[in-house]
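Working notes, structure below.
Residue numbers (my numbering), protein chains in the order written: chain A, 719 to 767; chain B, 1123 to 1425.
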């Protein structure tokens, strides 16, 4: 009789950390970019009035 | 984190590249371009920051629609060779993350449009997202071979949204541009459906070649191409564009119709490489890019 369940993949903590870090970095840059974008949109709308 | 490692199997966080792939970036490029052309062809001037933000909102809205489409169709995508490698069917992303990402992105895109442009553009953007997700993806696509014909409206919104973001109101030209993409969609997608027909059949999606057969699809490609050519040239005699756009539309549409005649009048043999269909599909993308570029060029440098 053979065991049909596939062997469990070992949890790759280094990959977990790498993805977490790259997402955190990306999120940081995006939030910074959005803050700047909203600042400039506000300025542009004030100029337009 | 150490704690979560001790609780069985923590899932790996989604890779940002998979989230990006969820937004269908290649489709998004056409959406962004047509929206930009709609915005640039509109009368008056828009502050560059507001123009950029409006286009960004449209791009994010398109990305959200793509993500929600892939979330809903993950099961179907797994059955098709062309889409089996996408993040969800390949198992690189869990469905809940995709759903949250799609809904969050959609909400943010509408908010950004509201803040950067006006409520009319935000409303149109909302309608286009809802139409793509609920009317096209969930309702039409799995039920009728006319899915592409009616669903094409979803992809036709961007130039109209771009125009409305710039002016706050609609006009005949953006409606004609909407009509152009609407009429362009069937021959474009049916050309693709002809050479990936077995994929659609395997997934049980009632695309035209699967349901009505190849001959009927070829005939309909030809008919729609002729109607589309009329729709593409129409803004010129109606006086909404000048001759720069007009002649570009005449020449490009003539080539489109010629390629469609090739596709529409042939039958495939065994081991057919479907070159005319692939040519028409590739040309149709270039056609739309150049034609929309011509709308803007005509507005800026009228002959």
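Idealized CB from N, CA, C, for every residue including glycine.
Asked	Found
Alpha carbon to alpha carbon, what distance is there between residue 1213/B and residue 719/A?	Residue placement at residue 719/A cannot be trusted, given a pLDDT of 45 that sits under 50; the coordinates are not used to answer.
Buried or exposed, going by whether 16 or more other CB atoms sit within 10 Å of the CB of residue 1380/B?	exposed
Who are the neighbours of residue 762/A on chain B, taking C-beta pairs under 7 angstroms?	1169, 1171, 1172
Compare the C-alpha of residue 1371/B against each of 1187/B, 1247/B, 1361/B, 1354/B and name the closest.	1354/B
Should residue 744/A be labelled buried (16 or more other beta-carbon atoms within 10 Å of its own) or exposed?	exposed
Sorted by chain position, which residues of the same chain lie with C-beta nearer than 7 angstroms to residue 1084/B's C-beta, five sequence neighbours on each side aside?	Not covered by the structure: residue 1084/B. The range shown for chain B is 1123 to 1425.
Pull out every residue of the stretch 742-763 of chain A whose Cβ sits closer than 8 angstroms to any Cβ of chain B, in chain order.	744, 755, 756, 758, 759, 761, 762, 763
Quick check on the DSSP output: the alpha helix (DSSP H) that includes residue 1286/B runs from which residue to which?	1269-1289
Taking the alpha-carbon positions, what's the residue 748/A to residue 1196/B distance?	28 angstroms
Quick one: which chain A residues come within Cβ less than 9 angstroms of residue 1228/B?	Neighbours of residue 1228/B on chain A: none; closest Cβ ~16 angstroms, over 9 angstroms.
Applying the 10 Å Cβ sphere with the 16-neighbour rule, what's the burial state of residue 1255/B?	buried
Looking at chain A, is there any beta carbon in it that lies within less than 7 angstroms of the beta carbon of residue 1175/B?	yes
Taking the Cβ atom as the reference point for each residue, do residue 1253/B and residue 1276/B lie within a distance shorter than 7 angstroms?	yes
Quick test of your reading: residue 1368/B and residue 1284/B, contact by CB under 8 angstroms. State the CB separation rounded to the nearest angstrom.	In fact, because the Cβ distance is near 21 angstroms, the residues do not count as touching under 8 angstroms.
Is it true that the stretch 1241-1251 of chain B meets the stretch 1264-1274 of chain B, where meeting means three or more beta-carbon pairs spaced less than 8 angstroms apart?	no
Which ranges would you report for the alpha helix (DSSP H) in the stretch 1314-1388 of chain B if only whole runs of at least 4 residues count?	1319-1325, 1330-1333, 1336-1355, 1365-1386
Where does residue 1235/B fall in DSSP's three states?	helix
Under three-state DSSP, which class holds residue 1397/B?	helix
Please determine, among 1420/B, 1207/B, 1140/B, 1163/B, the residue with the shortest C-alpha to C-alpha distance to residue 1296/B.	1163/B
Using a Cβ-Cβ cut-off of 7 angstroms, state whether residue 1212/B counts as contacting chain A.	no
With 7 angstroms set as the bound, which would you pick, yes or no: does the beta-carbon of residue 736/A sit closer than that to a beta-carbon of chain B?	no
Quick check on residue 1238/B - is its C-beta less than 7 angstroms from some C-beta in chain A?	yes
Taking residue 737/A as part of the alpha helix (DSSP H), name the residues at either end of that continuous run.	731-766
Quick one: measure Cβ to Cβ for residue 1311/B and residue 1351/B, integer angstroms, because I've assumed they're closer than 8 angstroms.	Residue 1311/B to residue 1351/B, Cβ: 17 angstroms. No contact.
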